[in-house]
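Under my numbering, the first residue of the sequence shown carries the number 97, and numbering increases by one thereafter.
Backbone N, C-alpha and C define an ideal beta-carbon position, used for all residues, glycine too.
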Amino acid sequence: MPLGVFDSGVGGLTVVRALRAAFPSRDILYVGDTARVPYGNKSAETVTMYSREIIHFLKKNGADRIVVACNTASALAVEKLRESVSVPLHGMIESGVQAALEVAGSGPVGVIGTAATIASGAYQTALSQVRPDWEILAQATPLLAPLVEESWLQGEVTEKVVRRYLEPMMREKIRVLVLACTHYPLLKGVLRKVLGSEVALVDSSEACAKSLESTEAKVVEKGELKIYLTDEPGPFFGRVENFLGSGSVGSIQRIALEPVV
Ligand code: DGL
Numbered sequence: 097m098p099l100g101v102f103d104s105g106v107g108g109l110t111v112v113r114a115l116r117a118a119f120p121s122r123d124i125l126y127v128g129d130t131a132r133v134p135y136g137n138k139s140a141e142t143v144t145m146y147s148r149e150i151i152h153f154l155k156k157n158g159a160d161r162i163v164v165a166c167n168t169a170s171a172l173a174v175e176k177l178r179e180s181v182s183v184p185l186h187g188m189i190e191s192g193v194q195a196a197l198e199v200a201g202s203g204p205v206g207v208i209g210t211a212a213t214i215a216s217g218a219y220q221t222a223l224s225q226v227r228p229d230w231e232i233l234a235q236a237t238p239l240l241a242p243l244v245e246e247s248w249l250q251g252e253v254t255e256k257v258v259r260r261y262l263e264p265m266m267r268e269k270i271r272v273l274v275l276a277c278t279h280y281p282l283l284k285g286v287l288r289k290v291l292g293s294e295v296a297l298v299d300s301s302e303a304c305a306k307s308l309e310s311t312e313a314k315v316v317e318k319g320e321l322k323i324y325l326t327d328e329p330g331p332f333f334g335r336v337e338n339f340l341g342s343g344s345v346g347s348i349q350r351i352a353l354e355p356v357v
């Protein structure tokens, strides 16, 4: 049975990339809700409704386990959805927090994500539950995902934007930065340049793959990846490789999601 993975758009392919590296034999069904991206400025109610429709689609198509690659959906919707969904749901928060625990000494810890992720307080709460002694500095960084979508992964403008967002955290001398958004693994180069090598970066896509190790079998034959998008694949097609890396995509198809009541 395939593993279901979904995101608001194609950014979640960074998580697929990490999952495929860790579990090459697993067939993956990926849904990118490109018709309704971004989720990062939407309400919990809306993101929960969208996520429910995608989960319904993935379950109907045979997914036995679903990874919520979108950090915004993980922060706003996963807990509520777990009450009513019959397949295991893996959000990004638990694994991101676990990875931060492994690398952080005495803090302070920074978290960056979409406006909705940071406003939800989900990462801040989860981090302070495991380490009440840590100082946590959270910053919404809504300009970063669009920069990545434009493939502005480095250069003066991106560096300035990153620096401006991170300055308050740098003043507090964070030791760890949690990248709580699908797009941010592609900005590791510029983040390293701005923060220096002493700040550990927690890549939530790698952390998520690692957290699934105990549930996924390791077999070497190659699994298939099917990508479903809710809008015409056209404008997103070229960007798929940015997020996914080079690797064979079985197919990209447009789908219509059914409302779930
Ligand atoms: N995929 C979203 C996330 O990880 C970022 C893009 C959006 O705002 O939808 O939070």
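Mind checking if residue i is an interface residue toward chain D, Cβ cutoff 8 Å exclusive?
i, result
"residue 304", "In summary, chain D is missing from the structure at hand, where a single protein chain is found."
Just list the residues that DSSP pairs residue i with in beta bridges.
i, result
"residue 91", "What the structure shows of the chain is the stretch from 97 to 357, and residue 91 is not part of that stretch, so it cannot be assessed."
"residue 323", "126, 348"
"residue 296", "272"
"residue 336", "Answer by DSSP bridge pairing: none, since residue 336 is not bridged."
"residue 206", "233, 273"
"residue 185", "162"
Given a threshold of 16 other Cβ atoms within 10 Å of its Cβ, counted over all protein chains shown, does residue i qualify as buried or as exposed?
i, result
"residue 354", "exposed"
"residue 303", "buried"
"residue 138", "buried"
"residue 254", "buried"
"residue 168", "buried"
"residue 330", "exposed"
"residue 311", "exposed"
Given the structure, does residue i come close to ligand 3, in the sense that its CB is under 7 Å from one of the ligand's heavy atoms?
i, result
"residue 182", "Ligand 3 is not part of the structure shown, which contains ligand 1 as its ligands."
According to DSSP, simplified to helix, strand and coil, what is residue i?
i, result
"residue 219", "helix"
"residue 192", "helix"
"residue 287", "helix"
"residue 226", "helix"
"residue 353", "coil"
"residue 132", "coil"
"residue 173", "coil"
"residue 318", "coil"
"residue 153", "helix"
"residue 307", "helix"
"residue 114", "helix"
"residue 97", "coil"
* **3 or more residues per run - each beta strand (DSSP E) lying fully within the stretch 230–285** => For the stretch 230–285, whole beta strand (DSSP E) runs of length 3 or above, ordered along the chain, are 232–236, 272–276.
* Asked: Is the stretch 230–240 in contact with the stretch 192–203, if contact means three or more CB pairs nearer than 8 Å?
  -> They touch, by the three-pair rule.
* To do: Could you tell me whether the stretch 338–349 touches the stretch 112–126, using the rule of 3 or more Cβ pairs below 8 Å?
  => In the pairwise beta carbon analysis, the stretch 338–349 is classified as touching the stretch 112–126: at least three pairs are separated by under 8 Å.
* To do: Could you tell me whether the stretch 239–251 touches the stretch 211–221, where touching means 3 or more Cβ pairs closer than 8 Å?
  => In this structure the stretch 239–251 does not lie against the stretch 211–221, because fewer than three pairs of beta carbons, one per stretch, are closer than 8 Å.
* If you pair each beta-carbon of the stretch 147–166 with each one of the stretch 248–265, do three or more pairs fall below 8 Å? -> The stretch 147–166, when compared against the stretch 248–265, does not touch it at the 8 Å Cβ threshold.
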